[in-house]
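Engineer: Dropping the structure in here first, questions after.
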Amino acid sequence: MEVNNITLIKYKKCCGCEACAGACPLSLIEMKHDDAGFLYPQIIKIEECVNCGLCLKKCPVSKDNIPSKLNQRRKELFFWVKDRDELLSSSSGGLATHLYRKSLEGGVYIVGVQYTDDFMGAQYILTNDAKNMERFKGSKYIQACKNDIYNQVKKMLNSGSEVLFIGLPCEVAAMKLFSDSEKLYTCELVCHGPTSSKVLSRYISHLEERQKATVVSYTSRFKNPHWKPLNSRIIYDNGITRTQIFADTELGKAFQMVKRYSCYHCEYKNGVTAADLTIGDFHAANSQRGDYNPDGVSICLVNTQRGQKISQSLADDDVVTGVADHVAAMANRALVESLPKLPGRERFIRIMKQNGLDVACKDVIVVTVLKYRRYPHRARSRIRRILRRIRATR
Numbered sequence: 010m011e012v013n014n015i016t017l018i019k020y021k022k023c024c025g026c027e028a029c030a031g032a033c034p035l036s037l038i039e040m041k042h043d044d045a046g047f048l049y050p051q052i053i054k055i056e057e058c059v060n061c062g063l064c065l066k067k068c069p070v071s072k073d074n075i076p077s078k079l080n081q082r083r084k085e086l087f088f089w090v091k092d093r094d095e096l097l098s099s100s101s102g103g104l105a106t107h108l109y110r111k112s113l114e115g116g117v118y119i120v121g122v123q124y125t126d127d128f129m130g131a132q133y134i135l136t137n138d139a140k141n142m143e144r145f146k147g148s149k150y151i152q153a154c155k156n157d158i159y160n161q162v163k164k165m166l167n168s169g170s171e172v173l174f175i176g177l178p179c180e181v182a183a184m185k186l187f188s189d190s191e192k193l194y195t196c197e198l199v200c201h202g203p204t205s206s207k208v209l210s211r212y213i214s215h216l217e218e219r220q221k222a223t224v225v226s227y228t229s230r231f232k233n234p235h236w237k238p239l240n241s242r243i244i245y246d247n248g249i250t251r252t253q254i255f256a257d258t259e260l261g262k263a264f265q266m267v268k269r270y271s272c273y274h275c276e277y278k279n280g281v282t283a284a285d286l287t288i289g290d291f292h293a294a295n296s297q298r299g300d301y302n303p304d305g306v307s308i309c310l311v312n313t314q315r316g317q318k319i320s321q322s323l324a325d326d327d328v329v330t331g332v333a334d335h336v337a338a339m340a341n342r343a344l345v346e347s348l349p350k351l352p353g354r355e356r357f358i359r360i361m362k363q364n365g366l367d368v369a370c371k372d373v374i375v376v377t378v379l380k381y382r383r384y385p386h387r388a389r390s391r392i393r394r395i396l397r398r399i400r401a402t403r
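Position in the sequence shown (from 1) plus 9 gives the number in the working numbering.
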C-alpha cells in the first residue's frame, strides 16, 4: 500500500501544530516529546493506518496546503487602548485583549492560550467567559498544547456559533484547514518561534527550588514601569515578588537558543498567511509621528476583506488607532523572515537534559538575536573581548 500519512513530513519541517493528531479518524497519532521538549507526531500502530491521508490534508506545512503569498501591500494600523490599567496588563498595545472583549460582547466565542495552573506549560482554550480572557493576556513564548482545539472549534462552528481564533501563524493555518467557515475569524501573532514547554517547566521548577516556594503568578511581559525593556515578574506563595529583564532570565536565554527546527525555515513569513489579521508589537513606533505610547503600541496588518471589517469595528472611543504607513517590518524582521539558528543549540539542549536549564545557560554563550542580526561585526567583536577576558582569568 502506498504511504499516504504524516510520516511523509520530515522531522525538521514539522511545526508541532498537532493538526494531524486531531485529524486521524482512528486516533492512531500521538504527539511525543523530543529531547528539547517539542512535540512531534508518531503513529502508534502503523499497521492499523489505512493511509487515508486526512492527516496530510490538515497539515499546514504540507506543500499543497501552504497559502500563496499576498499579492498586494497590506494595510498597517497602530493601536493602543486608552484604559491604562488594561494597557499595562497587556503585552503591547492591548489589541488582542480588545479583540477578545469586542468578540465576547457580540456573543462570539474566543480561542487563546493560557498557562496551566502550575505555570509549567500552556494550553489552548475555547471559551465565552471573560475570566479566561484575562488569562490569555501576555506572551507565553512557549509552544502551547492544543487539547484537540481544532475539533472543538469546528464543532462550535457547526453548531452555528461564531469563533475568534488567535494563535501562531502555523496554528491559525491548521485551524483554517479544519474549517473555513464564514463564522471563523482568525488572527495570527507575529512569531519569532516559541521555545518548548520543557524549557518553561525546568525554569519554573528551578525557581521554586531556589526560592523554596511555589510560583502563583508568572508573566514574561510585565511593564516595569513601561513597555520596554521587556520584564518578567514572578510572584511566590510566600509573598515574595521578583522582577527581571526577560532577556537576562534563563527562560529568556533559552527562548533565543532553543526553537523548533521548522522555525528556522518558517513557511509563514513575508506575506504568506492564512489569517485575517496579523498583530504584534509595533517596534517602529515613533513619538515624532504620533504613533508612540511608552506603555505599549500594537501593530495590526490587514490580510483579508474579513480582516478589514474586523479592523474597522475596532475603532471606538476606547482606543487610539491610525495608519502605520508601512513601517512595521523595518523594526520587526520576524514579519519577513525566520530568525537564525544560533550556534550551540544542540549543546544547550544536551546540557539542559543532563544537568538542568541553569547549567546550560551558564555553559553556553547566548548571543542576543537582534544584536547578532543588526550588528554582526560588533557582536562578534564583543564575543571575542568576552572570551579574551575569560582566558585571562584562567
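No residue lacks a Cβ here, since even glycine has one placed at the ideal position from N, Cα and C. In this text, all values refer to a predicted model and were calculated from it rather than measured experimentally.
Given Y20, which residues of its chain have a CB within under 8 Å of its CB, disregarding the five upstream and five downstream residues?
Structural biologist: Hits under 8 Å: Y49, Y270.
Engineer: What do you reckon, are the CB atoms on I38 and I55 nearer than 8 Å?
Structural biologist: In this structure, I55 does not lie closer than 8 Å to I38 by Cβ.
Engineer: Which residues in the same chain as W236 place their Cβ atom closer than 7 Å to its Cβ, once the five residues preceding and following it in sequence are excluded?
Structural biologist: If we look at W236 and ignore the five residues flanking it on each side, its Cβ neighbours are S101, P303, D304, G305.
Engineer: Using the C-alpha atoms, what's the distance from R354 back to T136?
Structural biologist: Spanning the two alpha carbons is a distance of roughly 37 Å.
Engineer: Measure the Cβ-Cβ separation of K140 and S98 and say whether it is below 8 Å.
Structural biologist: No, the pair does not count as a contact, with Cβ atoms beyond the cut-off.
Engineer: Indicate the three-state DSSP secondary structure (helix, strand or coil) for L193 in the structure shown.
Structural biologist: Here L193 sits in strand by DSSP.
Engineer: The beta strand (DSSP E) with A131 in it runs from where to where?
Structural biologist: Its beta strand (DSSP E) spans residues 131 to 136.
Engineer: Applying the criterion that 16 or more other CB atoms from any shown protein chain within 10 Å of the CB defines a buried residue, is G169 buried or exposed?
Structural biologist: Under this definition G169 is an exposed residue.
Engineer: Determine contact between the region 165 to 179 and the region 263 to 283, defined as no fewer than three beta-carbon pairs at a distance below 8 Å.
Structural biologist: With the cut-off at 8 Å, the region 165 to 179 and the region 263 to 283 touch.
Engineer: If you measure between the beta carbons of I151 and L239, is that distance less than 8 Å?
Structural biologist: Not a contact, by the Cβ cut-off of 8 Å.
Engineer: So, does the region 288 to 298 touch the region 255 to 265, judging by three or more C-beta pairs under 8 Å?
Structural biologist: Short answer: they don't touch.
Engineer: In whole angstroms, what is the alpha-carbon distance linking K278 and K22?
Structural biologist: Between K278 and K22, the C-alpha separation is close to 15 Å.
Engineer: From L63 to R230, what distance separates their C-alpha atoms?
Structural biologist: Going by the C-alpha atoms only, they are around 38 Å apart.
Engineer: Based on DSSP bridge pairs, tell me the residues matched to C309.
Structural biologist: Partner(s): L86, I288.
Engineer: One question on the structure: do K91 and D327 come within less than 8 Å of each other, judged by their Cβ atoms?
Structural biologist: A contact, by the Cβ cut-off of 8 Å.
Engineer: Leaving out the 5 sequence neighbours to the left and right, which residues in its chain are closer than 6 Å to R144 when beta-carbon positions are compared?
Structural biologist: The residues are Q123.
Engineer: Run through the DSSP bridge pairs and tell me what I175 is partnered with.
Structural biologist: Answer is C196, bridged to I175.
Engineer: Does the distance from the CB of D157 to the CB of G31 come in under 8 Å?
Structural biologist: Going by C-beta atoms, D157 is nearer than 8 Å to G31.
Engineer: Report buried or exposed for L108, applying the criterion of at least 16 other Cβ atoms within 10 angstroms of its Cβ.
Structural biologist: Counting Cβ neighbours within 10 Å, L108 comes out buried, since at least 16 surround it.
Engineer: Could you check how far apart the C-beta atoms of M10 and N60 are, in whole angstroms? I think they sit under 8 Å.
Structural biologist: M10 to N60, Cβ: 6 Å. Contact.
Engineer: On the three-state DSSP scale, how would you describe H201?
Structural biologist: Note: H201 maps to coil in three-state DSSP.
Engineer: Identify whether Y273 lies in helix, strand or coil by the three-state DSSP scheme.
Structural biologist: Residue state, collapsed to three classes: helix.
Engineer: By the DSSP assignment, the alpha helix (DSSP H) with H335 in it spans what residues?
Structural biologist: Unbroken run through H335: none, as it is neither H nor E.
Engineer: Does the beta-carbon distance from G103 to S307 come in below 8 Å?
Structural biologist: Taking 8 Å as the Cβ cut-off, G103 and S307 qualify as a contacting pair.
Engineer: Apart from the five residues on each side of it in sequence, which residues of its chain come closer than 6 Å, Cβ to Cβ, to K315?
Structural biologist: Reading off the sequence shown, one finds Arg at residue 315, where the question assumed Lys. Same-chain partners within the cutoff: D285.
Engineer: Pick out the complete beta strand (DSSP E) segments inside the region 225 to 257, 3 residues or longer, and give them in chain order.
Structural biologist: If we require 3 residues or more, the beta strand (DSSP E) runs fully inside the region 225 to 257 come out as 240 to 245, 250 to 254.
Engineer: Between the Cα of A340 and the Cα atoms of D367, G289, S320, L323, which residue gives the shortest distance?
Structural biologist: Checked all of D367, G289, S320, L323; the closest Cα to A340 is G289.
Engineer: How long is the line joining the alpha carbons of A28 and D372, rounded to whole angstroms?
Structural biologist: The alpha-carbon atoms of A28 and D372 are separated by roughly 36 Å.
Engineer: For the candidate residues I360, G202, Q363, whose alpha-carbon lies nearest to that of E346?
Structural biologist: Minimum Cα distance to E346 is reached at G202.
Engineer: Count the other CB atoms within 10 Å of the CB of K67; is the residue buried (16 or more) or exposed (fewer)?
Structural biologist: Buried is the call here.
Engineer: Along the beta strand (DSSP E) that carries K41, what are the first and last residues, could you check?
Structural biologist: K41 -> beta strand (DSSP E) spans 38 to 42.
Engineer: On a CA-only basis, which of S320, F357, Q317, T313 is nearest N80? Give me that one, please.
Structural biologist: When each option's Cα is compared against that of N80, the closest is T313.
Engineer: Report the three-state DSSP secondary structure of L379 (helix, strand or coil).
Structural biologist: Confidence at L379 is low in this model, with a pLDDT of 43, below 50, so the placement of that residue should be treated as unreliable; the coordinate-derived value is given next. Note: L379 maps to helix in three-state DSSP.
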